[in-house]
Amino acid sequence: MLELRLVQGSLLKKVLEAIKDLVNDANFDCSATGFSLQAMDSSHVALVALLLRSEGFEHYRCDRNLSMGMNLGNMAKMLKCAGNDDIITLKADDGSDTVTFMFESPTQDKISDFEMKLMDIDSEHLGIPEAEYHAIVRMPSSEFGRICKDLSSIGDTVVISVTKEGVKFSTRGDIGTANIVCRQNNTVDKPEEATIIEMTEPVSLTFALRYMNSFTKATPLSSIVTLSLSSDLPVVVEYKIAEMGYIRFYLAPKIEE
Amino acid sequence: QRKQATISSFFGAK
């Protein structure tokens, strides 16, 4: 028996909006520690890892480890029917081939039940090593979203370089080139507006902008985004989910032939 | 010309 009650149902709505265009079908794994997902996009260039810890749910009952295969587009369609202030409860009976999404309005005067068929998805989980990164950039998520959007109007790849001056985003295309440098600034009065750079050594990597733009759909989840870069690893773009967990996007770089 | 790598070439299956 699985019953997960999330008072801040809007978080789950935002999570689906963030991943439904990147991944089509995925297994949601439920265990005592929480509700998680790990899935790659169809080209295996990007990977998304989601964790919603059990403590973040108002009620979390998971009698035994369960993996539920879902079509994320269909799941997003159902979650769109939930109000932003609704409480969302996920329910599944053992051995059942469906999952139920229950939406309760804040005043409990409207209760909705949406039942969706589950799918069999065979997906191997990848081992993601906890790595020491050469550079970690923490910046406003709206700023990062704006940069990815602006650069993608000029070119289709972005070079992200971190030096002691700051973090530089560069692109080039038929019409010309663009360079955006964000300097460390932790003097701002609001912490979520700060750009903080930790660097052990300079790093420069090239990525496809269309994946970065897809990741920025997670912007509504957090006012801060963290980019972790290392010369020989995929970049990690992380949006923390308040008090509950995180959504992490891993993107493989484009490398010299 | 740069070639797009895949995630699987960095992270092995568990």
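Quick note, the sequences are listed as chains F and P, same order. Taking the working numbering, the leading residue of the first sequence gets 1, the next gets one more, and so forth. Taking the working numbering, the leading residue of the second sequence gets 1001, the next gets one more, and so forth. Backbone N, C-alpha and C fix where the C-beta goes; we use that ideal spot for every residue, glycine too. Only a predicted model underlies this, so the values are computations on that prediction, with no experimental measurement involved.
In this structure the stretch 132-143 of chain F does not lie against the stretch 204-211 of chain F, because fewer than three pairs of beta carbons, one per stretch, are closer than 8 Å.
In the structure shown, the three-state DSSP call for F/GLY9 is helix. Of all residues in the stretch 28-45 of chain F, only MET40, SER43, HIS44, VAL45 come within less than 8 Å of chain P when Cβ atoms are compared, listed by chain position. Given a length threshold of 3 residues, each whole run of the beta strand (DSSP E) inside the stretch 92-145 of chain F is given here in chain order: 98-104, 111-117, 135-140. The alpha helix (DSSP H) runs lying completely inside the stretch 15-81 of chain F and spanning 4 residues or more are 72-79, given in chain order. The straight-line gap separating the alpha-carbon atoms of F/ILE196 and F/ASP232 is approximately 22 Å.
Here F/ARG53 has THR33, GLY34, MET244, GLY245 as same chain residues with Cβ atoms under 7 Å from its own Cβ, once five neighbours each way along the sequence are excluded.
Apart from the 5 residues on each side of it in sequence, F/THR200 sits with its Cβ closer than 7 Å to the Cβ of HIS134 in its chain, given in chain order. Burial check for F/ALA92: the Cβ neighbour count within 10 Å reaches 16 or more, so the residue is buried. Listed along the chain, the chain P residues whose CB falls inside 9 Å of the CB of F/GLY127 are PHE1011, GLY1012, ALA1013, LYS1014.
Distance from the CA of F/ALA242 to the CA of F/GLU165, rounded to the nearest whole angstrom, comes to 31 Å. Close CB contacts of F/ALA194 within its chain, under the 7 Å cut and outside five residues either way in sequence, are with ASN185, ASN186, VAL188 (chain order). Secondary structure remark: continuous alpha helix (DSSP H) runs of at least 4 residues inside the stretch 189-246 of chain F, in chain order: 209-215. Boundaries for P/LYS1014: no beta strand (DSSP E) harbours it, and the DSSP string shows neither H nor E there. Here the alpha carbons of F/ALA39 and F/GLU115 stand approximately 23 Å from one another. Residues of chain P with a Cβ closer than 8 Å to the Cβ of F/THR206 are, in chain order, ARG1002. In terms of Cα proximity to F/ARG138, the closest of F/LEU229, F/ILE88, F/GLY95, F/PRO106 is F/LEU229. Sequence-distant partners of F/SER141 (beyond 5 residues in either direction) whose C-beta falls short of 7 Å from its own C-beta, in its chain, are THR219, SER222, SER223, ILE224, VAL225, TYR239. Here DSSP, grouped into helix, strand and coil, assigns F/LYS168 to strand. Of all residues in the stretch 88-107 of chain F, none is placed with a Cβ closer than 8 Å to any Cβ belonging to chain P. Among the residues facing chain P, F/ILE196 is not included, as its CB has no counterpart in that chain under 7 Å away. In terms of CA proximity to F/SER31, F/MET68 leads the group F/VAL7, F/HIS44, F/MET68, F/PRO129. Residue contact with chain P for F/TYR246: absent (no Cβ-Cβ distance below 7 Å to any residue of chain P). Residues of chain P whose Cβ lies closer than 8 Å to the Cβ of F/ALA252 are, in chain order, GLN1004, ALA1005, THR1006, ILE1007, SER1009, PHE1010. By the criterion of at least three beta-carbon pairs nearer than 8 Å, the stretch 20-28 of chain F is in contact with the stretch 110-125 of chain F.
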